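*Asks:* Taken in order, the sequence shown gives residues 35 to 340; the numbers are from my numbering.
Where is the CB? At the ideal position from N, CA and C, for every residue including glycine.
On a predicted model such as this, the values are computed, not experimentally measured, just so you know.
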Amino acid sequence: MDIKGTKKGKTLCLLSGVHGSEVTGVVSLWTFIEHAKKVELHKHLSGRLIVLPALNLPGIKELERYMNGVDLNRAYMDLENESLETMLLKVLEDKILSKSDAVLDFHDSGKRYLLMPHVRADLNFKKASALVEAFGAEFVYNRESREYMLSGYLQKKYKIPVLTIESGGNFRLLDNNLRYTFDGIFSTLRAMKMYPGKNSNFEYKVFNERLAIKAEIDGLVRYFVEPGQLVEKGSRILEVIDLKTMESTVLYADVDAYILGLIDSNAIKVGQKLVHLVCCSKLSRKQTKQFKSGIGDKFQLVKIAM
Ligand SMILES: [Zn+2]
């Protein structure tokens, strides 16, 4: 959908469904389009808002991440081959993305994981950090841009910022995911002077450490937390019940951390990551070692590269 405002202004592009298994963004942007029609958004808009809710349509139909085996977010190293996927990316680049001032790209976990809403961006790129502020994201996963990915490619070639938005998962849209998307879009439009009103100032938090806790048993799990929640050292995160012994074991946080994501299910298998935690400050070796050793034999703690 192409929404042209009544006044001149910048161009913002909203993308989702780049990965076909990630439908939170697809349904969110679909809902946004309906809303835009209902409130006649174009009458209040300066500039142009382009909404592409279902980029990888074949993938979405199959709930499959790839398009004919190609990851559309990681296919920018070889745009010379003449496949259907590359042609799609080239048309998208020439007609839309290269003419945009900023891009919001909506993703989710694509699995049975529910993710806390956050954004991913290269904060060393000034326009990207400005876009983080424009979106009003409370949490940022700072990652260096990679040229084979959409964000790195547009940054290098056109100096256009792309915000990768991660929210939700497990093939369903929750109220908080929809609210996050709508708030973020309107906040960005206001910051880009495309929509009336002003945003209030705030400071975002950056993740510096990511941990996952795996199950060492088959069993059942009960969560005491939700994605996005801050857990303080010593508080309960979850409880597992070993189906062999019917014994329950509680997992406690050994550091202050936010719940980045957890499985949207009560049944678990050996080796499954039960919960992902993120911390805003880097953990010392001593802290990590202590957490690992105190965790007991029902769990295993692994560090994940940021
Ligand atoms: Zn994705």
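How would you write the range of the beta strand (DSSP E) that lysine 42 sits in, first residue to last?
*Replies:* 41 to 50 is the extent of the beta strand (DSSP E) around lysine 42.
*Asks:* Considering Cα atoms alone, identify which of Ser179, Val166, Ser318, Phe205 is closest to glycine 51.
*Replies:* That would be Phe205, whose Cα lies nearest to the Cα of glycine 51.
*Asks:* Could you tell me the boundaries of the beta strand (DSSP E) in which proline 151 lies?
*Replies:* Note, proline 151: beta strand (DSSP E), 147 to 155.
*Asks:* Would the beta-carbon of histidine 53 be found less than 8 Å away from any heavy atom of ligand 1?
*Replies:* Histidine 53: yes, Cβ under 8 Å from ligand 1.
*Asks:* To which residues does DSSP link tyrosine 257 through a beta bridge?
*Replies:* Per DSSP, Leu272.
*Asks:* Is asparagine 107 near ligand 1, judged by its Cβ being under 8 Å from some heavy atom?
*Replies:* Yes, Cβ of asparagine 107 sits closer than 8 Å to a heavy atom of ligand 1.
*Asks:* Just the C-alpha distance for alanine 18 and alanine 136, rounded to the nearest angstrom, thanks.
*Replies:* Look at the range of the chain in this structure, 35 to 340, and you will see that residue 18 is not part of it.
*Asks:* According to the neighbour-count rule (16 or more other Cβ atoms, all chains shown, within 10 Å of its Cβ), is threonine 222 buried or exposed?
*Replies:* Threonine 222 comes out buried.
*Asks:* Report yes if the C-beta distance between phenylalanine 140 and glycine 59 is below 9 Å; otherwise report no.
*Replies:* Yes.
*Asks:* Among Leu264, Lys77, Thr65, Val104, whose alpha-carbon lies nearest the alpha-carbon of valine 312?
*Replies:* Nearest C-alpha to valine 312: Leu264.
*Asks:* What are the residues that DSSP puts in a beta bridge with cysteine 313?
*Replies:* Answer is Glu243.
*Asks:* On a Cα-Cα basis, can you pick out the residue from Gly231, Tyr192, Arg82, Val174 that is closest to arginine 244?
*Replies:* For the residues Gly231, Tyr192, Arg82, Val174, the minimum Cα distance to arginine 244 belongs to Val174.
*Asks:* If you scan the segment 88 to 155 from start to end, which runs of the alpha helix (DSSP H) of 4 or more residues do you find wholly inside it?
*Replies:* Here the runs fully enclosed are 91 to 96, 118 to 129.
*Asks:* Hey, is histidine 141 close to ligand 1, as in C-beta under 8 Å from one of its heavy atoms?
*Replies:* The answer is yes for histidine 141.
*Asks:* With DSSP collapsed to three states, give me the class of glycine 186.
*Replies:* Looking at glycine 186 - three-state DSSP - the assignment turns out to be helix.
*Asks:* DSSP three-state label for tyrosine 406, please.
*Replies:* The question about residue 406 has no answer, for the chain in this structure spans 35 to 340.
*Asks:* In this structure, does DSSP put valine 57 in helix, strand or coil?
*Replies:* Three-state DSSP puts valine 57 in coil, outside helix and strand.
*Asks:* Would you check whether ligand 1 has a heavy atom nearer than 8 Å to the C-beta of glutamate 119?
*Replies:* For ligand 1, not one heavy atom lies less than 8 Å from the Cβ of glutamate 119.
*Asks:* Taking the continuous alpha helix (DSSP H) assigned at valine 167, which residues delimit it?
*Replies:* It is glutamate, not valine, that sits at residue 167 in the sequence shown. Per DSSP, glutamate 167 belongs to the alpha helix (DSSP H) from 160 to 169.
*Asks:* With glycine 341 and proline 151 assumed to form a contact (beta carbons below 8 Å), what rounded beta-carbon distance in angstroms separates them?
*Replies:* Residue 341 falls outside the range modelled here, since the chain spans only 35 to 340, and no answer is possible.
*Asks:* DSSP state of isoleucine 84, grouped into three classes?
*Replies:* Correct three-state label for isoleucine 84: strand.
*Asks:* In terms of alpha-carbon separation, which member of Tyr286, Phe216, Ser299, Asn300 lies closest to leucine 335?
*Replies:* Minimum Cα distance to leucine 335 is reached at Tyr286.
*Asks:* What does the alpha-carbon distance come out to for the pair cysteine 47 and leucine 86?
*Replies:* Those two C-alpha atoms are separated by around 8 Å.
*Asks:* How is the alpha helix (DSSP H) around threonine 341 delimited, first residue to last?
*Replies:* A question about residue 341 goes unanswered here, because the residues of the chain that appear run from 35 up to 340.
*Asks:* When every heavy atom of ligand 1 is checked, does at least one fall within less than 8 Å of the C-beta of glycine 202?
*Replies:* Checking the Cβ of glycine 202 against ligand 1 gives no.
*Asks:* Report yes if the CB atom of methionine 101 is closer than 9 Å to the CB atom of asparagine 90, and no otherwise.
*Replies:* The answer is yes: Cβ separation under 9 Å.
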